[in-house]
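The opening position of the sequence shown corresponds to residue 332 in the working numbering, with each subsequent residue numbered one higher.
Cβ atoms here follow ideal geometry from the backbone N, Cα and C, with glycine treated the same way.
These numbers were taken from a predicted model, which means no experiment stands behind them.
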Amino acid sequence: MTLDIKNMTQTEFDEVMAEIKEKRPNLFQFITDFLDRKVTPEEVDEFLKMERTNQVEYIKNYKARA
């Protein structure tokens, strides 16, 4: 499977997303909320600025947005 998202087929992308949904449901929800514009690009920027341990805790405790 190709790991470069720019060169993935739709099927490969769907498989990666299904794996994330199964193994890391909170991360999947964060991604989904971003795509649904419930998480802003600024919030993603702040997330990316966090230390790795803080990112892990953030995702671990992430709840879906209404």
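{"Item": "Is any heavy atom in the ligand ATP found nearer than 7 Å to the beta carbon of L334?", "Value": "This structure simply doesn't include the ligand ATP, nor any ligand for that matter."}
{"Item": "Along the chain, where does the alpha helix (DSSP H) containing T340 start, and where does it finish?", "Value": "Run containing T340: none; DSSP gives neither H nor E here."}
{"Item": "Unbroken alpha helix (DSSP H) runs of length 4 or more, entirely within the region 351-379: which are they?", "Value": "356-366"}
{"Item": "Are the region 340-358 and the region 377-386 touching by the rule of at least three beta carbon pairs closer than 8 Å?", "Value": "no"}
{"Item": "Mapping DSSP to helix, strand and coil, what is M348?", "Value": "helix"}
{"Item": "Do the CB positions of R396 and V370 come within less than 8 Å of each other?", "Value": "yes"}
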